[in-house]
Every structure is written in structure tokens, then in C-alpha cells.
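S.K.:
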Amino acid sequence: MQRTRIRILLGESPQGQKVRLAGWLRTRRDARDFSFLEINDGSTIKNIQVIASAELSNYESTLRHLGVGASLAVEGELAASAGKGQSSEVRASRVEVLGGADSEFPIQKKRHSFEFLREIAHLRPRTNTLSAVLRLRSRLSFAIHDFFQQRDFHYIHTPIITGNDCEGAGQMFRVTAFDPDQAPRRDGKIDYAQDFFGLPVHLTVSGQLAGEACALALGDIYTFGPTFRAENSNTSRHLAEFWMVEPEMAFATLEDDAALAEDFLRHLFRFALEQCRDDMEFFNKWIDPGAIQRLESLAASSFARLTYTEAIAALKKSGRSFEFPVEWGRDLQSEHERYLTEEYARQPLIVVDYPREIKAFYMKLNDDGKTVRAMDVLAPGIGEIIGGSEREDRVDVLTDRMHEFQLNTAEYRWYLELRRWGSTPHAGFGLGLERLVQFISGMENIRDVIPFPRTPGHARY
Ligand code: 4AD
């Protein structure tokens with residue numbers, strides 16, 4: 386008999402039909418001549434209750450002593466349950482123990498601290514919280530593809546290994562085939578001309594530059610893949626390896642970009658509410674009371690717009706004393722972003738037109754010569770969730786900007802050439818999948834919304 390997933394079983398009306406299921410034991414409660422086995426198979430946050438009676442041949446020898454964490458295959462009848470909190474249960478005719486678990490299985494209690502669970506990242510997917518997070522990640526990844534595919538955006542696979550630093554910030558992990566102790570040297574420096582690719586290469590910080598090349602041929606594209614930043618940020622919002630989705634549109638301006646970002650986020654919020662209901666109810670109950678209501682109101686509301694200059698004025702007027710100074714020309718810190726979105730606007734906010742010095746070289750210079758056509762989408766509770774811009778499409782201005790940032794224009798020759806032949810206004814943005822999952826679930830630490838987090842000092846598994 387085929388195994389049926391617990392999510393499907395719980396949706397069926399119980400009429401004594403024969404079923405087979407498999408999963409991991411979450412709890413066992415014993416009565417005089419039977420035991421209740423709560424089983425979860427990862428298809429849903431909900432467990433199914435199995436009644437294992439003393440008449441089963443392996444009851445006394447095995448089932449009555451089963452340890453939490455054991456894996457089981459069960460055959461039996463799906464019947465209406467008399468118990469509270471569940472409409473059906475399985476009356477077992479056979480329970481096979483596939484893999485036992487002794488009392489040292491670390492996830493015995495109902496609640497463990499997230500710090501403790503991070504130390505056992507190989508087992509934490511078996512907790513309610515991590516499994517709900519991982520299902521949400523999976524469903525949102527689907528929703529991201531769905532959103533762009535419905536709008537005729539083409540999915541582009543941009544390279545992971547690259548010779549260019551997209552953000553020009555120098556926060557990259559080097560990739561080399563050299564043995565570090567025996568790398569050939571020339572003039573005292575490692576000679577990458579002799580390395581695998583014949584030049585210094587890194588793990589990508591963003592797929593944008595390659596994405597632009599494809600957008601300037603296919604019109605509308607998106608990339609969605611892992612990105613890497615060797616940034617020594619030990620915060621609850623930074624990872625060294627995270628997943629980013631980056632749409633790029635030809636024939637588009639900053640205003641089109643902001644409109645797309647807004648539609649995109651609303652689509653994802655609605656999707657989570659409609660398609661991830663059980664997991665959202667779990668987050669709402671155990672992680673972030675109010676998560677559902679917040680998403681519902683965001684899914685229905687429009688996003689406010691503010692220029693950077695207006696944002697600075699609002700921060701100055703706030704009368705708040707911030708840890709970091711508020712001054713035109715300085716980047717907004719997380720505390721500023723959160724004030725703006727949580728208290729000033731009280732809704733998601735798109736801040737545009739940042740000073741040229743604090744944003745990446747590829748952003749289009751405004752006519753004022755001082756600001757660039759950048760946008761950050763700020764969300765309550767988290768701060769920046771999306772960063773994007775209209776791209777500089779004039780070859781001479783872009784070359785000057787690269788000099789300003791002391792970038793080697795020879796390395797970016799191909800990127801400049803996109804502006805020589807058939808250049809057009811174009812724009813795009815990047816959304817970090819983990820920041821999105823954090824925002825939707827209310828999980829506090831970004832390390833708890835990715836199965837195996839990589840942060841400074843941590844890359845086990
Ligand atoms: O603002 P960022 O650095 O923008 C770019 O990388 C552009 N190339 C995107 C583009 O225009 N195509 O990063 C974009 C988003 C941030 O808003 C944030 O959601 C996420 O990526 N992000 C991080 N997420 C987790 N850990 C980090 N260290 C992150 N850095 C950025």
C-alpha cells in the first residue's frame with residue numbers, strides 16, 4: 386500500500402478507510418492497554434495521532450518503550466477521533482519501527498532555545514519551528530518564480546564564480562585552485578595568471594551585472610540563487626551566504642522598479658496568507674503574535690514613498706536621539722530605517738534618491754549631480770528588505786563613476802560595452818529571501834530561517 390502524507394490524511398473525512406503513513410514520533414502517551422503515538426512526517430505542522438493497542442504483536446516488546454524521534458511506518462484505519470484538537474486518528478493494525486531513537490535524542494522537550502538548536506542544525510528541522518520555516522521558504526520560492534513567470538520574466542542562471550565585484554565593496558570570498566601554502570608568486574604577490582581561471586575570481590555578491598546583460602536582450606529577467614558576502618557583520622539580519630532574487634527590466638525607470646517591488650511584496654504576503662495558512666497560524670501563536678494581522682494589512686495597503694532628503698528631514702525632526710548621527714550624506718542605519726517605517730510612516734516605505742557617495746557605482750546619476758536613482762524598501766520590524774536602482778545607462782557617466790570608486794575599468798569592459806551598443810534605461814532590485822522569510826514569520830534571527838547558516842566563525846555541516 387502507498388504511503389499517504391499526513392497533510393492529506395488530515396484533510397480526508399474519516400470513514401474507517403485503510404491507510405499507510407510514515408513519520409517520526411513526536412510524543413508517546415501510554416494508557417493501560419494502548420499508547421497514543423503523535424507522528425509528524427513534515428508534510429504539515431500538524432501531527433496525526435496513532436492508537437497502538439496492546440494487541441499488536443510488537444507492543445510490549447517495542448512500541449510501549451518507543452523513544453521520541455524514532456521513525457515509524459504505520460498501517461491502520463482512519464477513524465473519527467473522540468479526542469480534543471483533532472478530527473481523525475489512525476487505529477493501527479501494524480506499526481513497524483524503521484529507525485529507533487534512544488533517550489539521548491536531543492529534541493525531547495517541547496521548546497528549546499534557538500541558540501541550542503543552532504548547535505544541532507542537522508536535527509533542528511525536526512522541530513515545529515524549523516520545519517514551518519523550511520516549508521515557508523519552499524513555498525515562497527515557488528511564489529517568487531510564479532510571480533515573475535506570470536509576468537513574462539525569464540529566469541536566468543547567473544554565474545556563482547565571477548571576476549567582478551558587483552557591489553564594488555570588496556566583501557568577497559576568493560575562489561582558487563591553488564594550494565595556499567604553495568601558490569606561485571610574482572613580484573611578491575600571488576600570481577593568479579597561473580591559477581585555474583587565469584585571473585583572480587570570487588564567489589558572487591549579486592547576479593545583477595550578468596542579469597543586466599541578459600535583460601538588455603530578453604527584456605525582463607530575474608535571477609534567483611545563492612550570494613556570498615565576506616562581511617564581518619554579526620547581526621540578526623546578516624548572513625555570509627544567502628539567497629537573493631533579482632529582477633531586471635529593460636526600458637524601465639526607478640518608478641517602474643518601485644511599482645514592481647511593491648506588487649511583488651504584496652503578492653508574496655498574500656500567497657503566504659493563503660497558501661501557508663497552518664504554518665502562519667503556528668508563527669502567529671508561538672513566534673510573533675499579530676503576524677497574520679500585520680501581513681493582512683500589508684497585503685492590502687500601498688507603500689509610502691519618500692526621498693532620502695525628506696527621510697533625513699523626518700529623522701531630524703523626530704526629536705529622537707539615535708546612536709548613529711543623522712546627517713545628509715551619511716547612510717541610513719537600521720535604527721533610522723526602523724524609525725522611518727515603524728513610527729514615521731507606519732507602513733512599508735520606499736526611500737529613493739540617495740547621495741551618490743553612499744551607493745553603488747552602477748546607479749544612475751540624477752540631474753542634480755548629487756543623488757542617484759536608488760531605492761531601498763524598508764519594512765516594519767526589519768528595516769531594509771529590498772535594495773535596487775535605475776542603472777546608469779550612459780557610458781561616459783558610468784566610466785566616470787567607476788573612476789570615482791577606483792574600479793579597474795578594464796575588468797568591467799563588457800559591462801561598459803552594454804552601454805555602447807543598444808543601451809536603454811533599465812532598472813532592477815534585489816530581495817534577500819531570508820529577510821523576506823524573517824519578515825513574514827516574525828523570526829527574530831536570520832540564522833533561524835535558513836537550514837545551515839553561514840556567519841563569521843560558523844560554517845559547520
Ligand atoms: O542592497 P543589496 O546589497 O543590493 C544588491 O546586491 C543589488 N545588486 C541588487 C540589485 O539591484 N539587483 O542587497 C539586496 C538585498 C537586501 O535588501 C537584503 O534583503 C539582502 O539582499 N541582503 C542580505 N541578506 C542577508 N544577509 C546579508 N549579508 C545581506 N546583504 C544583503
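Position one of the sequence shown corresponds to residue 386 (the working numbering), numbered consecutively onward. Each residue gets a CB set at the ideal place from its N, CA and C atoms; glycine is no exception.
1. At the level of alpha carbons, what is the spacing between Asp487 and Leu508?
2. Identify the residues that DSSP records as bridge partners of Lys574: which are they?
3. Please name the residue in Asn793, Tyr797, Arg651 and Pro674 whose C-alpha comes closest to that of Leu821.
4. Classify Val834: buried if its beta carbon has 16 or more other beta carbons within 10 angstroms, exposed otherwise.
5. Can you confirm whether the stretch 625 to 641 touches the stretch 601 to 612 when touching is taken to mean that 3 or more C-beta pairs between the two stretches lie within less than 8 Å?
6. What I want to know is whether the C-beta of His623 ends up closer than 7 Å to one or more non-hydrogen atoms of ligand 1.
7. Exposed or buried, which one is Asp572 when buried takes at least 16 other CB atoms within 10 Å?
8. For Met760, which residues of its own chain have a beta-carbon under 8 Å away from its beta-carbon, when the five flanking residues on both sides are left out?
9. Give the straight-line distance between the Cα atoms of Leu792 and Ala745, rounded to the nearest whole angstrom.
10. Label Met743 either buried or exposed according to how many other C-beta atoms from any shown protein chain fall within 10 Å of its C-beta, with 16 as the threshold for buried.
11. Kindly confirm or deny that the stretch 694 to 704 and the stretch 716 to 731 touch, where touching means at least three C-beta pairs closer than 8 Å.
12. Which residues in the same chain as Arg392 place their Cβ atom closer than 7 Å to its Cβ, once the five residues preceding and following it in sequence are excluded?
13. When the Cα of Ser442 is compared with those of Asp550, Ala465 and Arg479, which residue comes out closest?
14. Apply the 10 Å Cβ neighbour rule to Trp628 and answer buried if 16 or more other Cβ atoms are within range, or exposed otherwise.
15. Quick one: grab the DSSP three-state call for Ile529.
16. Beta-carbon within less than 6 Å of Pro733's beta-carbon, same chain only, minus the 5 sequence neighbours each way: which residues are those?
17. With a threshold of 7 Å (Cβ to nearest heavy atom), would Ser591 be considered close to ligand 1?
18. Given this structure, state the Cα-to-Cα distance separating Ser618 from Tyr800, to the nearest angstrom.
19. Thinking C-beta only, is Asp778 closer than 8 Å to Lys749?
20. Could you check if Ile771 belongs to the surroundings of ligand 1, using beta carbon to heavy atom distance under 7 Å?
21. Looking only at its own chain, which residues have a Cβ that is under 8 Å from the Cβ of Ala615, when we skip the five neighbours before and after it?
22. Locate the beta strand (DSSP E) running through Asp418, then write down its first and last residues.
23. Which whole-angstrom value describes the C-beta separation of Ala477 and Val459, a residue pair presumed to lie in contact below a C-beta threshold of 8 Å?
M.R.: So, from the data block:
1. 14 Å
2. Here Lys574 is bridged, per DSSP, to Arg571.
3. It is Arg651.
4. buried
5. The stretch 601 to 612 is in contact with the stretch 625 to 641.
6. yes
7. exposed
8. Leu639, Asp642, Ala643, Ala646, Ile735, Val736, Val737, Ile771, Gly772, Gly773, Ser774 and Phe814
9. 11 Å
10. With the sequence shown as reference, residue 743 is identified as Ile, and Met is not the correct amino acid for it. Ile743 should be labelled exposed.
11. yes
12. Cβ neighbours of Arg392 beyond the five flanking positions: Ser428 and Thr429.
13. Closest option to Ser442, Cα to Cα, is Arg479.
14. Counting of Cβ neighbours within 10 angstroms places Trp628 among the buried residues, the total reaching 16 or more.
15. helix
16. Phe688 and Ala764
17. Ser591 Cβ: within cutoff of ligand 1.
18. 29 Å
19. yes
20. yes
21. Gln556, Met557, Phe558 and Ala625, listed in sequence order.
22. Where Asp418 is concerned, there is no enclosing beta strand (DSSP E), given that its DSSP letter is neither H nor E.
23. 5 Å
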